[in-house]
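Residue numbers (the numbering used here), protein chains in the order written: chain Z, 6 to 399; chain H, 34 to 460.
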């Protein structure tokens, strides 16, 4: 059944976050952990903001940049880094048959326009007519295209020429898990040879903060690392872009690509939650994938919300020999692309042959003493669904 | 002994249940009767005031009550109706338990103006409301229900729970090709052998003032409001844009083997699917039509067919000057001389453009066309466009021999998907 030629390899990663750009910057940041959340920009909320980025480096045409809003620029930039890393940039023949699955939310709104309309609506004699008039005059046509979820993929096609196929999955954290799962399944089944997978989020948005604030999921007032938020659970939104190139072993060998790691399995659980169900579903996936505890590191996507964090902690407590690192402490929570970002981090660790140090005072994260043999990425959504990815050396 | 695998050795994938809701009505029977009678579902918008808009018509679904009204709430209800019809026909699984995954095409979701206003009021700020006020109101915990309602996964999770689909529900968007992408994902999952069945659904209930303005600002919509039923004019020389519409389509896809084993009626076969993205522009096709041409070639090849085997094309046919010109160019390039012998009609002339739902709604109408051997017309075809010399089945439905049909879906962001469908192979 298992055909090694159809193994799924990670042959490129492109990551950008508050830690910087590319593998080296991220590895450095993960090894020298510090609080990177900006607590002032949207106080009392906090976000992991992206520093200055020279978008020209991956999006050469200013006209293209103008047509995008930040989340699309971040994603298109990260996709370009991934294609560079895979040695695929500019290879028209390869890009023309490269598949793409993007995990996306929606684009930013124009806060100023929204606020002006809301203020006027309260005083308007004819609110409906007022709304119509202001929408006609205040909405920018490009903003609509920036809001459409599938237009990150569209921009990647335009800027980088990835056109084999283009699909966009929505649905918060699980969109990232399912994008990876289906890309991987298509490669294993021979339906695809090479896929660009990932997504982006601009966390520096009051409209996005509002969406998660409805449910009480935002981290406030004071930064704490992920496992240390029991008193005040929540996540700090991240501005972050993460893409990877997945490829069959056969295809990567043919074009002499340099694989970073093998994506051995992707599993997902979904369904209505009840107390204990997150812990149980993580355990079920772990068992189904026959993952040994010794030599395993977990790169956790725990957002820091409850009950997700407590149940993931309970699951991890059953596996005391497993070393754990929650990346939300380092670069925040990016929702859709978080799973891809953490797969990239796991691939980096496997490449360096070691794990980065703990960033946690609660004791969940311990130094890893043995050899790093494999890495598991967890993706527990803040509201529905759980995902798991297993990465092994090539 | 029936052939259960296709020429490439993959499981043949059939359709055993279909459900549809459009502005013409709920259910296949009603829709098919009106479609083949050349009736239009387009009417003046009454859901919100439109007097100062250039476009004042749409194919709204007004006969399905939803409270409180929002785009995801209506989309979810329309999807439920379509799924219930499809499941009743397919008789697969049991109530609340569908033996396969859900692939859902759904429009991107966001908070709408009524909610924003509710938050502004709750913030207690009387003048100069800003997002800090809204955030403060959000932090009160009084609006928890907005969180789930306006998450992108909300419609998919609700449907997965209600109908008991397996695994993680996939919510997807490929803009106006979304419905076809949902079918494509189901087709691929069955071909991989991951599942014997998939529930492929597409829904859109997003006609509100802001969405209308957005498309209007891109000059994408027809402004010929009077009479409403004549606004959508695909392939006509005087076409001036598409007409927004709502609807939902649901298909039960199943391996032929599984369907036969349980004695299900076979409504049609999803023979192939093709895709190719366009890197030319965010809203326009590459002028040489190569991506659409490649998409059509990929679909026909995936079905193991030749262009000559295609008898009917269910066009994307939006009625925008650009789309219809490019679709004609691509069809002509792919079919060559055979193009003149192929009927090509646009359901959108009657139901408008159901956006995220279009690919699935029109796939269902294509399967009905194959089943009934009768082609719904392109209505409002009064002024032929000499640059589109195709048989658009003008104004009146017609009986025809249709063995294999293509349904095209193209969307903003360079999305192109074509489905090839056929009839149950002779035993």
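Ideal placement from N, C-alpha and C gives every residue a C-beta, glycine not left out.
Closest option to residue 80/H, judged by alpha-carbon separation, among 98/H, 68/H, 415/H: 98/H. Below 8 Å, too few C-beta pairs join the stretch 225–232 of chain Z and the stretch 208–217 of chain Z to call them touching: fewer than three. For residue 95/Z, no CB of chain H lies under 9 Å from its own CB, so it is not counted at the interface with that chain. If you look at residue 186/Z, you'll find it in the alpha helix (DSSP H) that goes 177–193.
With at least 16 other beta carbons inside 10 angstroms of its own, residue 183/H counts as buried. Sixteen is the threshold: when 16 or more other Cβ atoms of the shown chains lie within 10 Å of the Cβ of residue 249/Z, as they do, the residue is buried. In this structure, the beta-carbon distance from residue 306/H to residue 216/H falls below 9 Å. For residue 204/Z, none of the residues of chain H pass the 7 Å Cβ criterion, the least Cβ distance being about 12 Å.
In this structure, the straight-line span from the alpha carbon of residue 225/H to that of residue 346/H is close to 27 Å. The stretch 136–151 of chain H and the stretch 288–306 of chain H do not touch, with fewer than three beta-carbon pairs separated by less than 8 Å.
At a beta-carbon threshold of 7 Å, the residues of chain Z lying near residue 146/H are 136, ordered along the chain. The bridge partners DSSP lists for residue 274/Z are 391/Z. Rounded to the nearest whole angstrom, the CA to CA distance from residue 309/H to residue 395/H is 19 Å. With fewer than three CB-CB distances shorter than 8 Å, the stretch 63–72 of chain Z does not count as touching the stretch 40–49 of chain Z. Where residue 100/Z is concerned, the enclosing alpha helix (DSSP H) starts and stops at 97–100.
Only exposed fits residue 372/Z, as fewer than 16 other CB atoms lie within 10 angstroms of its CB.
Each residue's CA atom was taken as its position, placing residue 290/Z and residue 382/Z some 12 Å apart.
As the crow flies, the alpha-carbon of residue 173/H is around 27 Å from that of residue 107/H. A residue is called buried when at least 16 other Cβ atoms come within 10 angstroms of its Cβ; residue 159/H does not meet this threshold and is exposed.
Comparing alpha carbon positions, the residue from 313/Z, 233/Z, 197/Z, 214/Z closest to residue 50/Z is 214/Z. Leaving aside the five residues that flank residue 238/Z on each side, the residues in its chain whose CB is nearer than 7 Å to its CB run, in chain order, 309, 310, 311, 314.
When Cβ-Cβ separations below 9 Å define contact, residue 142/H makes contact with chain Z. Contact annotation for residue 203/H against chain Z: 174, 176, 183, 187 [CB-CB distance below 8 Å, chain order].
Contact annotation: in the stretch 366–392 of chain H, no residue has its CB less than 9 Å from a CB in chain Z. Taking 9 Å as the CB threshold, residue 186/H lines the interface with chain Z.
One alpha carbon belongs to residue 104/Z, the other to residue 163/Z, and they sit about 14 Å apart. For residue 45/Z, the enclosing beta strand (DSSP E) stretches over residues 43–47. Within the same chain, and ignoring the five residues on either side of residue 326/Z in sequence, the residues whose Cβ sits closer than 7 Å to its Cβ are 298, 299. The three-state reading of DSSP puts residue 191/H in helix, counting H, G and I together.
As the crow flies, the alpha-carbon of residue 355/H is around 8 Å from that of residue 318/H. Taking a contact as a CB-CB distance under 8 Å, the pair residue 111/Z and residue 141/H counts as one, their CB atoms being some 5 Å apart. The stretch 246–260 of chain H makes contact with the stretch 140–148 of chain Z; the number of CB pairs closer than 8 Å reaches 3 or more.
Counting C-beta pairs closer than 8 Å gives fewer than three between the stretch 251–261 of chain Z and the stretch 170–183 of chain Z, which falls short of the contact rule.
Residue 157/Z has its alpha-carbon roughly 8 Å from the corresponding atom of residue 151/Z.
Collapsing the DSSP output to three states places residue 371/H in a helix. With distances taken between CA atoms, residue 246/Z lies nearest to 350/Z out of 172/Z, 117/Z, 350/Z, 128/Z.
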